[in-house]
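**Q** What follows is a single structure, and I will ask about it in a moment.
Numbering (the numbering used here), first residue to last: 40 to 395.
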């Protein structure tokens with residue numbers, strides 16, 4: 040979902056290509072090969088274009104710190120092992136997007152051959168927004184699903200004062216005849232922690248009923264933010280835990296509560312990923328499926344909106360509207376993105392983009 044929390048969006052728009060060059064230079068300055076750097080940055084700029092600043096180029100500041108500290112491997116030896124039509128990717132402490140690319144592409148290839156593809160990835164880093172990987176499958180004419188247990192224990196179980204799982208992100212994407220696939224991208228908590236941290240730096244105040252302090256007490260004070268509450272109570276907790284198990288236990292890395300938030304040697308978060316792909320043609324002609332998806336979207340958009348709403352929308356529709364505008368007109372960034380990227384540029388000896 041796009042960032043609907045209040046940010047102090049700037050007035051100057053930065054072209055997406057400018058951010059691609061800036062981000063690629065930042066990663067290459069820390070030892071990442073240019074082709075790998077360009078791909079990782081493309082996934083982050085894609086988030087910015089869709090309005091998901093929390094998982095976009097602002098993450099470059101943390102990525103470059105991890106690379107400089109030696110916690111992230113700039114030139115990993117990523118391996119893919121196959122067994123019974125499934126795949127296990129080992130990331131060699133890679134940037135998460137590189138492990139995710141290998142995992143989802145492998146799942147896509149398996150689905151084209153067998154109808155359904157499943158892949159997990161271990162020993163990799165933060166993979167950005169789950170939507171990017173699900174969309175990768177939809178662009179290949181498949182139904183795509185992606186999830187990660189990257190964040191560490193940070194979401195409370197229902198009835199608990201301490202976290203039981205991560206704020207597990209997950210996404211589904213479906214091919215259509217339209218300009219863009221239908222995509223659901225969500226955290227299992229009330230909000231992604233990155234979004235709450237961004238809001239905290241802007242206003243210092245969090246929405247009611249979404250977060251707690253370190254003792255499990257509800258808080259709206261951003262300085263006391265420790266844990267996020269599950270979306271929908273036990274439903275969000277259950278959804279988060281199940282995907283934590285699929286990414287963590289199935290990959291051999293372990294569930295978040297057991298493995299903890301940090302690798303004991305590198306002290307950086309360890310990521311485990313899960314990918315599922317379904318070849319629609321194994322069930323019905325892809326063209327018929329796309330037509331049905333378009334009809335569903337049109338029917339939803341035609342529903343009478345409630346008071347305060349202009350239109351009933353499909354999941355991902357607001358983000359695609361932002362995407363079209365920002366591709367054409369550039370991206371206006373909030374200070375909660377500009378500030379860490381400016382500090383990163385100074386650390387790496389890079390010029391910042393015009394508009395920062």
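Using N, Cα and C, we set each Cβ at its ideal position, and we do this for glycine too.
1. Measuring CB atoms only, is the stretch 321–336 touching the stretch 226–239, in the sense that at least three cross pairs come out at less than 8 Å?
2. Please classify residue 233: is it buried, with 16 or more other beta-carbons within 10 angstroms of its beta-carbon, or exposed?
3. Quick check on DSSP: helix, strand or coil for residue 348?
4. Exposed or buried, what is residue 358 when buried is set at 16 or more other beta-carbons lying within 10 Å of its beta-carbon?
5. Residue ranges of each alpha helix (DSSP H) run of no fewer than 4 residues wholly in the stretch 61–123, ordered along the chain?
6. Does residue 189 come out as helix, strand or coil in the three-state DSSP assignment?
7. Mind checking whether residue 355 and residue 222 have CB atoms under 8 Å apart?
8. Should residue 192 be labelled buried (16 or more other beta-carbon atoms within 10 Å of its own) or exposed?
9. With 16 as the cutoff for other CB atoms within 10 Å, does residue 118 come out buried or exposed?
10. Kindly confirm or deny that the stretch 109–125 and the stretch 166–182 touch, where touching means at least three C-beta pairs closer than 8 Å.
11. For residue 66 and residue 79, which I take to be in contact (beta-carbon distance under 8 Å), what is that distance rounded to the nearest angstrom?
12. Specify the secondary structure class of residue 57 as computed by DSSP and reduced to three states.
13. Considering only residues of the same chain and omitting the five flanking positions on each side of residue 368, which have a CB-CB separation below 7 Å?
14. Determine which residues share a DSSP beta bridge with residue 228 and list them.
15. Hey, how far is the Cα of residue 161 from the Cα of residue 390?
16. Which residues in the same chain as residue 319 place their Cβ atom closer than 8 Å to its Cβ, once the five residues preceding and following it in sequence are excluded?
17. Please list the terminal residues of the continuous beta strand (DSSP E) segment that includes residue 263.
18. Run through the stretch 139–195 for me and flag every whole alpha helix (DSSP H) of 4 or more residues, listed as ranges in chain order.
19. Answer yes if the stretch 260–271 comes into contact with the stretch 232–246, meaning at least three C-beta pairs across the two stretches below 8 Å, and no otherwise.
20. Counting along the chain, where does the beta strand (DSSP E) carrying residue 367 start and finish?
21. Identify every residue that forms a DSSP beta bridge with residue 209.
22. In the DSSP output, which residue or residues are listed as bridge partners for residue 128?
23. Once you ignore the five residues that flank residue 278 on each side, which residues in its own chain have a CB closer than 6 Å to its CB?
24. In this structure, what does DSSP give as the bridge partners for residue 244?
25. Let me check one thing: in DSSP terms, what residues is residue 329 bridge-paired to?
26. Determine which residues share a DSSP beta bridge with residue 202 and list them.
27. Quick one: is residue 366 near chain D, going by C-beta distance under 8 Å?
28. Under the assumption that residue 276 contacts residue 196 (Cβ atoms under 8 Å), give the Cβ distance between them as a whole number of angstroms.
29. Does DSSP put residue 391 in a helix, a strand or coil?
30. Can you tell which of 93, 156, 155 and 255 has the C-alpha that lies nearest to the C-alpha of residue 201?
31. Note the first and the last residue of the continuous beta strand (DSSP E) segment covering residue 316.
32. Select from 127, 345, 224 and 207 the residue whose C-alpha is nearest the C-alpha of residue 269.
33. To which residues does DSSP link residue 133 through a beta bridge?
**A** According to the data block:
1. Output reads no: the stretch 226–239 does not touch the stretch 321–336.
2. Position 194 of the chain shown holds residue 233. Result: buried.
3. Counted from its first residue, the chain shown places residue 348 at position 309. When secondary structure is reduced to three states using DSSP, residue 348 falls in the coil class, being assigned neither helix nor strand.
4. The residue given as residue 358 occupies position 319 in the chain shown. The residue is buried, with at least 16 neighbouring Cβ atoms inside 10 Å.
5. Fully enclosed alpha helix (DSSP H) runs of 4 or longer: 73–88 and 99–108.
6. On the chain shown, residue 189 is found 150 positions in, with the first residue counted as 1. Residue state, collapsed to three classes: coil.
7. Here residue 355 is taken as the residue at index 316 of the chain shown, counted from 1. Here residue 222 is taken as the residue at index 183 of the chain shown, counted from 1. At the C-beta level, residue 355 and residue 222 come within 8 Å of one another.
8. In the chain shown, the residue the question calls residue 192 occupies position 153. Taking all protein chains shown into account, residue 192 has 16 or more neighbouring C-beta atoms within 10 Å of its C-beta and is therefore buried.
9. Translated into positions along the chain shown, residue 118 becomes position 79. Its Cβ having fewer than 16 others within 10 Å, residue 118 is exposed.
10. With a cut-off of 8 Å, the stretch 166–182 and the stretch 109–125 do not count as touching, because too few Cβ pairs lie within range.
11. For the purposes of this step, residue 66 is taken as residue 27 along the chain shown, with counting starting at 1. For the purposes of this step, residue 79 is taken as residue 40 along the chain shown, with counting starting at 1. Their Cβ separation, rounded to whole angstroms, is 6 Å, which keeps residue 66 and residue 79 in contact under 8 Å.
12. Translated into the one-based positions of the chain shown, residue 57 becomes position 18. Helix, per DSSP.
13. Position 329 of the chain shown holds residue 368. The residues 52, in chain order, have a CB closer than 7 Å to that of residue 368 in the same chain once the five nearest residues on each side in sequence are set aside.
14. As a first step, residue 228 must be located in the chain shown, where it is residue number 189. 269, per the DSSP bridge assignment.
15. Translated into positions along the chain shown, residue 161 becomes position 122. Translated into positions along the chain shown, residue 390 becomes position 351. One C-alpha to the other measures close to 35 Å.
16. Numbered from its first residue, the chain shown carries residue 319 at position 280. Answer for residue 319: 180, 181, 182, 214, 325 and 328, listed in chain order.
17. Here residue 263 refers to the residue found at position 224 of the chain shown. Neither: residue 263 is in no beta strand (DSSP E) and is coded neither H nor E.
18. As far as the stretch 139–195 is concerned, its whole alpha helix (DSSP H) runs of at least 4 residues are 169–178.
19. Three or more pairs of CB atoms, one per stretch, sit closer than 8 Å, so the stretch 232–246 contacts the stretch 260–271.
20. As a first step, residue 367 must be located in the chain shown, where it is residue number 328. Per DSSP, residue 367 belongs to no beta strand (DSSP E); it is in the alpha helix (DSSP H), 356–368.
21. Numbered from its first residue, the chain shown carries residue 209 at position 170. BP columns for residue 209 point to 186 and 225.
22. Translated into positions along the chain shown, residue 128 becomes position 89. Residue 128 pairs with 119 and 160.
23. Sequence index remark: in the chain shown, residue 278 carries index 239 (1-based). Closer than 6 Å at the Cβ level, and outside the excluded window around residue 278, lie 227.
24. Your numbering for residue 244 matches position 205 in the chain shown. Note: residue 244 sits in a beta bridge opposite 260.
25. Along the chain shown, one-based indexing puts residue 329 at 290. Here residue 329 is not bridged, per DSSP, to any residue.
26. By 1-based counting over the chain shown, the position of residue 202 is 163. Paired residues: 195.
27. In the structure shown, chain D cannot be found, because there is only a single protein chain.
28. As a first step, residue 276 must be located in the chain shown, where it is residue number 237. As a first step, residue 196 must be located in the chain shown, where it is residue number 157. Correct: roughly 5 Å between the Cβ atoms.
29. On the chain shown, position 352 is the one that residue 391 refers to. It is coil, neither helix nor strand.
30. Start at 1 with the first residue of the chain shown, and residue 201 comes out as number 162. Residue 201 has its Cα closest to that of 255, out of 93, 156, 155 and 255.
31. The residue labelled residue 316 in the question sits at position 277 within the chain shown. For residue 316, the enclosing beta strand (DSSP E) has its first and last residue at 310–318.
32. Taking the chain shown and counting its residues from 1, the one referred to as residue 269 is at position 230. It is 207.
33. Mapped onto the chain shown, residue 133 falls at position 94. Residue pairing of residue 133 in beta bridges, as defined by DSSP: 163.
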